[in-house]
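In mature numbering (1 follows the signal peptide of the UniProt record, and there is no 0), the protein residues as written are -30 to -1, 1 to 249.
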């Protein structure tokens, strides 16, 4: 028996190593963020803690209603900005993939977000975008609202994204939910810059109007769902831990004199341009 065991041991070891190698080669499933963005990151919230968009937002405005008339008016005003610096900013704002997406609020907070130098802040933004996106998903799937470019036949600021956007409902806006969630979170971390941060949250959503990929009502309910997601996040221990750590990172960066590497004066000037009827 000892002899048989000795003979089998190398075979068993080899088999076990093969199984472990196979497990290591299996990649974690990608998590959807928005129509054209996936990530290996995971959100803070469990599925049953994500706000229920179908219970929280009304059905989108229908053709012929006063609500849809406003949607169309704002869309016309926003599309008039095509080809302008505001249109180019809307193209930049469409980027939700990390690491680029981590710095959408760089000017508003006065600091670049870096996975190596501000890891907690980077993680906070990366994980919370999953939760804010998830908060819009049920309503998007239920209503499958056609996006403006599908109705008016005019270009978007992200033509390469259009195929994915056609398959993803317009209402509520996922980008806006994420941007507003970030604005609320960052306002807590950097309260002395809260006005600039919240203005950035608003115009980040409005970039989706300028881009011709969302209606005004998509934007308004996207903000609502972003706020709902942040309310749930405050009951999450991991989120609270990262929030505290991010606050310390920013304080240290401020003390060291670190700032944003973007042309913030130019960005601020461009972002003041808004569709006249936008709420």
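Don't be surprised by glycine CBs; every beta carbon is placed ideally from N, CA and C. For clarity, every value in this text was computed on a predicted model and none was experimentally measured.
With C-beta atoms as the reference, is residue i less than 8 Å away from residue j?
{"i": "residue 197", "j": "residue 154", "result": "yes"}
{"i": "residue 18", "j": "residue 31", "result": "no"}
{"i": "residue 124", "j": "residue 213", "result": "no"}
{"i": "residue 140", "j": "residue 116", "result": "yes"}
{"i": "residue 176", "j": "residue 248", "result": "yes"}
{"i": "residue 88", "j": "residue 223", "result": "yes"}
{"i": "residue 3", "j": "residue 103", "result": "yes"}
{"i": "residue 78", "j": "residue 221", "result": "no"}
{"i": "residue 246", "j": "residue 47", "result": "yes"}
Nearest CA to the CA of residue i: which residue from the options?
{"i": "residue 99", "options": "175, 44 and 149", "result": "149"}
{"i": "residue 216", "options": "72, 91 and 50", "result": "91"}
{"i": "residue 101", "options": "89, 189, 221 and 14", "result": "14"}
{"i": "residue 195", "options": "243, 224, 106 and 65", "result": "106"}
{"i": "residue 237", "options": "26, 22, 64 and 74", "result": "74"}
{"i": "residue 182", "options": "49, 218, 8 and 28", "result": "49"}
{"i": "residue 202", "options": "7, 21 and -2", "result": "21"}
{"i": "residue 68", "options": "78, 220 and 84", "result": "84"}
{"i": "residue 59", "options": "168, 161, 128 and 9", "result": "128"}
{"i": "residue 219", "options": "187, 188, 160 and 193", "result": "160"}
{"i": "residue 52", "options": "114, 133, 193 and 126", "result": "126"}
{"i": "residue 43", "options": "80, 108 and 122", "result": "122"}
For residue i, which residues of its own chain have a beta-carbon under 6 Å away from its beta-carbon, when the five flanking residues on both sides are left out?
{"i": "residue 76", "result": "82, 230 and 232"}
{"i": "residue 63", "result": "174 and 177"}
{"i": "residue 29", "result": "none"}
What is the rounded straight-line gap between the Cα of residue i and the Cα of residue j?
{"i": "residue 259", "j": "residue 171", "result": "Missing from the structure shown is residue 259; the chain here goes from -30 to 249 and no further."}
{"i": "residue 163", "j": "residue 147", "result": "20 Å"}
{"i": "residue 36", "j": "residue 131", "result": "30 Å"}
{"i": "residue -19", "j": "residue 120", "result": "Low per-residue confidence applies at residue -19: pLDDT is 48, beneath 50, and the placement is therefore not dependable enough to give any value."}
{"i": "residue 241", "j": "residue 66", "result": "18 Å"}
{"i": "residue 86", "j": "residue 185", "result": "37 Å"}
{"i": "residue 72", "j": "residue 152", "result": "10 Å"}
{"i": "residue 54", "j": "residue 61", "result": "11 Å"}
{"i": "residue 24", "j": "residue 226", "result": "46 Å"}
{"i": "residue 135", "j": "residue 45", "result": "17 Å"}
{"i": "residue 199", "j": "residue 118", "result": "26 Å"}
{"i": "residue 70", "j": "residue 228", "result": "18 Å"}
{"i": "residue -2", "j": "residue 8", "result": "10 Å"}
On the DSSP bridge list, what partners appear for residue i?
{"i": "residue 162", "result": "The partner list for residue 162 (beta bridge, DSSP) is empty, contrary to what the question assumes."}
{"i": "residue 88", "result": "Paired residues: none, contrary to the question."}
{"i": "residue 4", "result": "7"}
Keeping to the same chain, check which residues put their C-beta closer than 7 Å to that of residue i; ignore five residues upstream and five downstream.
{"i": "residue 11", "result": "1, 96, 97 and 100"}
{"i": "residue 138", "result": "5 and 110"}
{"i": "residue 112", "result": "24"}
{"i": "residue 56", "result": "180, 240 and 243"}
Is the shortest distance between the beta-carbon of residue i and the beta-carbons of chain D less than 8 Å?
{"i": "residue 174", "result": "In the displayed structure, chain D is absent; only one protein chain is listed."}
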